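Residue numbers (this note's numbering): 8 to 98. Yeah, the Cβ is synthetic: ideal placement off N, Cα and C, and Gly gets one too. Keep in mind it's a predicted model, so treat the numbers as computed, not measured. Here the structure comes first, spelled out in structure tokens, and everything after it is commentary.
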């Protein structure tokens with residue numbers, strides 16, 4: 008019984024250490040994301056920044072960035088109403 012208890016305690020201690028490392032890593036990544044997000048907002052024109060802020064409020068920033076990337080890559084095709092995307096209207 009003691010051996011099993013000791014093994015479980017060791018495994019539990021190791022798991023707690025892993026969780027602490029992952030939380031620290033997540034905190035660093037979130038801080039870096041915040042810095043990059045602020046840098047990105049500063050580069051946008053004011054109308055596009057407002058759309059981005061709304062996307063962030065709605066948790067839609069991944070879709071916003073993907074739409075922006077796609078719109079910026081479409082430099083050779085003319086725009087039509089079928090190309091309308093609420094996130095890229097002001098690009």
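In this structure residue 59 does not touch residue 74 by the C-beta definition: roughly 11 angstroms separates them, more than the 8 angstroms allowed. In this structure, the straight-line span from the alpha carbon of residue 70 to that of residue 35 is close to 23 angstroms.
If you check the CB distance, residue 56 and residue 48 come in under 8 angstroms.
Rounded to the nearest whole angstrom, the CA to CA distance from residue 68 to residue 26 is 27 angstroms. When the Cα atoms are used, residue 28 and residue 22 turn out to be separated by approximately 10 angstroms.
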